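Quick note: the sequence shown uses numbering that gives the first Met the number 0, first residue 0, plus one each step.
Ideal Cβ positions, reconstructed from N, Cα and C, are used throughout, including at glycine.
Here the structure is a predicted model, which means the values were calculated and not measured.
As structure tokens, the structure follows; a few thoughts come after it.
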Amino acid sequence: MPGVLADIPKFDFPPESQKEFDYAKLETLDLSVVTGDEYEQVPESVVKTIGDAFTRDGFIYATGHGLNPETIQRQFSIAQYAFDGVSEEDKTKYAAKILEEGDFTGYKPRGHWQLKGVRDQIEHFSLGAQAILNPDARERVFPPALRPLVDEIAEFNKYNHDHIYRKILSVLSLVLKLPPTYLWNLAKDPEQQFDLFRYALYHPPSPEEDSKTAGVRLQGHTDFNSVSLLYSQPIVSLQVLMPDNVWRFVRHVPNALVINLGDALHFLSGGFLKPTIHRVVAPPDPAQVPYRRIGVFYFAQFSRSVRLAPLSDSPVASSTGKTFFNGGKDAPTAWEWETSRVKAYGQNGAKKEIEGGHEEEAMIGGEKVVHYN
């Protein structure tokens with residue numbers, strides 16, 4: 000996918016760590032085995048293996064996605080350019096309305112979130128689906144430096160949604176004993192899409208700041224959406240809370256995706272599918288500490304109006320006996336849940352400390368969200 004700005008600086012991946020750490024043992028989904036005109040053909044062994052992984056660990060790797068390494072590296076180059084090639088003035092001008100509207104679309108500056116009194120060192124440039132799908136919105140959302148790259152970014156997003164996300168939903172539909180296209184039908188309406196595409200830049204904090212947060216740079220949390228796609232990068236810093244309640248690192252797998260599920264699928268599955276708790280910490284390898292960590296993410300969503308209540312059509316969801324949001328009568332839409340969580344996250348609001356030094360805060364519909372320190 001060559002871009003108009005083919006001469007933007009190429010992103011060079013930092014060197015991979017040569018050290019061994021306590022890595023999570025995660026299953027791998029080969030997306031190339033999901034076939035058929037509507038991606039309805041999935042081997043039974045894959046449904047079993049991935050279903051077990053998403054109820055046990057909540058994180059997997061994905062390979063066979065159909066994107067070549069050059070295409071993925073190009074996206075990391077655009078991510079780098081989104082921060083280094085855009086002026087601070089334009090970052091402010093195109094800032095996201097996070098607190099006002101619960102929407103990440105635009106730039107998130109460093110310091111928006113707090114943990115133990117320490118401001119974060121993370122920049123985002125995030126794009127809601129409508130900012131990409133609607134040509135009229137592009138000038139309002141993209142700073143001038145990035146406008147020549149819009150079509151290229153849009154093409155990459157479309158592939159993530161129409162192929163990678165769709166295949167994963169086929170697998171998960173079968174895990175929930177539903178027709179393979181069931182979950183895709185809850186996500187395919189272009190007018191209701193609000194998937195979020197993100198370029199992220201983690202600046203290394205000062206040693207004093209790292210000490211105050213015990214090395215935690217992004218507080219432990221579950222994602223708010225349905226399926227999260229992270230393009231694997233070499234800096235060791237992402238941790239997942241595994242079933243034995245131990246934080247373990249996610250190993251870098253070149254040209255692979257790291258996949259996890261969020262709150263939306265947890266609720267729709269009646270609690271059967273796991274929204275995995277994860278965080279970002281200081282790299283354990285001193286050789287990687289000085290590097291900025293650049294990330295490319297695709298946070299897939301169900302349609303805005305989908306109610307987050309257990310799917311009555313799924314015998315799996317119906318069998319768990321779990322209810323949410325006051326028995327479902329206060330179940331929010333996917334959009335309402337997203338905006339509520341976006342506004343509240345990292346704001347040092349009214350919280351109470353619970354076992355393990357973690358924090359719990361009330362959310363919509365009476366549900367509680369835990370932030371894991």
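- Between F301 and L185, the C-beta gap is smaller than 8 Å, which places the two residues in contact.
- Beta-carbon to beta-carbon, L28 and A78 are separated by about 24 Å, too far to satisfy the 8 Å threshold.
- Bounds of the beta strand (DSSP E) holding G127 are 121-127.
- Within the segment 93-167, the runs of alpha helix (DSSP H) that reach at least 4 residues and sit entirely inside it are, in chain order, 97-100, 128-132, 134-140, 149-158.
- The segment 204-216 and the segment 54-71 do not touch, with fewer than three beta-carbon pairs separated by less than 8 Å.
- In the structure shown, the three-state DSSP call for Q192 is coil.
- Between the segment 95-104 and the segment 160-174 there are fewer than three inter-stretch CB-CB distances shorter than 8 Å, so the stretches are not counted as touching.
- Annotation for T70: the continuous alpha helix (DSSP H) segment containing it runs 68-83.
- C-alpha of T322 to C-alpha of V85: approximately 46 Å in a straight line.
- Cβ atoms of F223 and R340 come within 8 Å of each other, at about 4 Å.
- In this structure, the straight-line span from the alpha carbon of L182 to that of D36 is close to 16 Å.
- Per the coordinates, the alpha-carbon of K187 lies some 13 Å from the alpha-carbon of S225.
- In this structure A281 is buried. Its beta-carbon is surrounded by 16 or more other beta-carbon atoms within 10 angstroms.
- Its chain contains V149 as the residues whose beta carbon lies nearer than 7 Å to that of F141, once the 5 sequence neighbours on both sides are disregarded; these appear in chain order.
- Per the coordinates, the alpha-carbon of P289 lies some 7 Å from the alpha-carbon of P203.
- Here V245 is exposed: its Cβ has fewer than 16 other Cβ atoms, across all protein chains shown, within 10 Å.
- By a beta-carbon distance limit of 8 Å, F248 contacts L237. Their separation comes to about 7 Å.
- Only residues of its own chain outside the window of five on either side were considered, and among them Q40 have a CB closer than 7 Å to the CB of T34, listed in chain order.
- Taking the C-beta atoms as reference points, G270 is found nearer than 8 Å to T319.
- Burial check for K107: the Cβ neighbour count within 10 Å reaches 16 or more, so the residue is buried.
- For a cut-off of 8 Å, the C-beta gap from L177 to D312 is around 6 Å, short enough to register as a contact.
- Taking all protein chains shown into account, A130 has 16 or more neighbouring C-beta atoms within 10 Å of its C-beta and is therefore buried.
- Excluding five sequence positions before and after F196, the CB atoms of its chain that fall closer than 6 Å to its own CB belong to L126, N156, Y297, given in chain order.
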